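Accompanying notes for the structure given below.
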Amino acid sequence: SAVISQKPSRDICQRGTSLTIQCQVDSQVTMMFWYRQQPGQSLTLIATANQGSEATYESGFVIDKFPISRPNLTFSTLTVSNMSPEDSSIYLCSVLLERAGQFFGPGTRLTVL
Amino acid sequence: GQNIDQPTEMTATEGAIVQINCTYQTSGFNGLFWYQQHAGEAPTFLSYNVLDGLEEKGRFSSFLSRSKGYSYLLLKELQMKDSASYLCAVRPSYSGAGSYQLTFGKGTKLSVIP
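Chains A and B supply the protein sequences, listed in that same order. My numbering runs 59 ahead of the 1-based position in the first sequence. My numbering runs 3 ahead of the 1-based position in the second sequence.
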C-alpha cells in the first residue's frame, strides 16, 4: 500500500475565500485523483491529477473552481475557489497502485460558513 | 451510464457471518473494489477483484461474477468494530482520456449488534 497524507485535516472557511489542500504520497505514483464526499453521500471523482499536464475533470467540475497542481509524482494540490456553503464536504486524495488497489488519504473536512 | 446497487443498511450479530451484495451496470469493466469506511474517516481498501471467483483475506472475502455483473463481500466472525459503511466501486474500462475513475455505490451501512 501507500502512505498518503493530507493537509489541512480540517478547516472552517468564509464564503468567497479559497482553500488549497495538499496531498503527499510516500512513493512515486502515476495515477492520483481527487474525490469529494458530501455529507451522507458516497464518493464522487472531481478530477485525475496528471503530472506535467492539466488535470482531467469529470462532468460537473471545472478548472476555475477546482484548480489542481501535480508538480511531481509524489505531490498534488487541490484548490477550492470562491467557496460557498455547498462546497462543505470531505475532500480526499487517492492513488492507484497497479495490482495493489486504489488507496485514499485521510481526507480534509471543509466547512464553509 | 454507470449504475451500482447495494443495500442501504444491514444488521448482523456479533460472531455471525454477513454477505453484502453489489450489482453493477457499467460501460466496460476493469476491476471491482470494496472499501470500509467508518463514520468520519476516509475509506480503507479491503479488496480488488478483476477475475471471476473468490478472493479471501482473513475474515473478509470478496466474490466476483463478471457475466452477472455481481459481487459480494463476505464478513466472517463479525466483531463490533466491523460496524461501518461498506462501499462497492467499479472501474470501467480505460477511457483513453487519462481517466481511470472509480464509480462508487452509495454504500451499505452495517450495524453489528451484541
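Idealized CB from N, CA, C, for every residue including glycine. Model, not experiment: these values are computed from the prediction.
With DSSP run on the structure shown, which of helix, strand or coil describes K84 (chain B)?
-> By one-based count along the second sequence, residue 84 (chain B) stands at place 81. Of the three classes helix, strand and coil, the one that applies to K84 (chain B) here is helix, per DSSP.
Using a cut-off of 7 Å between C-beta atoms, extract the partners of S101 (chain A) located in chain B.
-> Locating residue 101 (chain A) in the first sequence gives position 42, counting from the first residue. What S101 (chain A) touches in chain B: L90, F107, G108, K109, G110.
V84 (chain A) versus A:I63, A:Q97, A:R129, residue with shortest Cα-Cα distance = Position 25 of the first sequence, counted from the first residue, corresponds to residue 84 (chain A). The shortest C-alpha separation from V84 (chain A) is found at A:I63.
Counting Cβ pairs, one atom from each stretch, are 3 or more of them under 8 Å apart for the region 111-121 of chain A and the region 138-148 of chain A?
-> no
Since G166 (chain A) and L151 (chain A) are thought to touch, with beta carbons under 8 Å apart, how far apart are those beta carbons, to the nearest angstrom?
-> As a position in the first sequence, residue 166 (chain A) is number 107, starting the count at 1. As a position in the first sequence, residue 151 (chain A) is number 92, starting the count at 1. With a Cβ gap of about 5 Å, G166 (chain A) and L151 (chain A) count as contacting.
DSSP three-state call for E12 (chain B): helix, strand or coil?
-> In the second sequence, the residue the question calls residue 12 (chain B) occupies position 9. Here E12 (chain B) sits in strand by DSSP.
Establish whether the CB of T165 (chain A) and some CB of chain B are separated by less than 7 Å.
-> The residue given as residue 165 (chain A) occupies position 106 in the first sequence. Per the sequence shown, residue 165 (chain A) should be read as Pro rather than Thr. Yes - at least one Cβ of chain B is within 7 Å of the one on P165 (chain A).
Are there three or more Cβ pairs, one per stretch, closer than 8 Å when the region 127-135 of chain A is compared with the region 7-14 of chain B?
-> no
Segment contact flag, the region 104-111 of chain B with the region 84-102 of chain A, C-beta cutoff 8 Å, min 3 pairs | Counting Cβ pairs under 8 Å, three or more are found: they touch.
In chain B, which residues lie less than 8 Å from Q87 (chain A) when you measure between Cβ atoms?
-> The sequence position of residue 87 (chain A) within the first sequence is 28, counting from 1. Chain B residues near Q87 (chain A): none, gap ~17 Å exceeds 8 Å.
Indicate, with yes or no, if the ligand GTP has a heavy atom lying under 6 Å from the CB of S68 (chain B).
-> Absence of the ligand GTP from the depicted structure is noted, as is the absence of any ligand whatsoever, leaving it without description.
In terms of residues, what are the limits of the beta strand (DSSP E) holding R94 (chain B)?
-> Along the second sequence, one-based indexing puts residue 94 (chain B) at 91. Here R94 (chain B) belongs to no beta strand (DSSP E), and DSSP marks it neither H nor E.
For W37 (chain B) versus L76 (chain B), is the C-beta spacing smaller than 7 Å?
-> Against the second sequence, residue 37 (chain B) aligns to sequence position 34. Against the second sequence, residue 76 (chain B) aligns to sequence position 73. Result yes, Cβ atoms of W37 (chain B) and L76 (chain B) sit closer than 7 Å.
State the Cα-Cα distance for the pair L113 (chain B) and I20 (chain B), rounded to the nearest angstrom.
-> Counting from one through the second sequence, the residue named residue 113 (chain B) turns up at place 110. Counting from one through the second sequence, the residue named residue 20 (chain B) turns up at place 17. For L113 (chain B) and I20 (chain B), the gap between their C-alpha atoms comes out near 12 Å.
For P126 (chain A), does the three-state DSSP call read helix, strand or coil?
-> As a first step, residue 126 (chain A) must be located in the first sequence, where it is residue number 67. Residue state, collapsed to three classes: coil.
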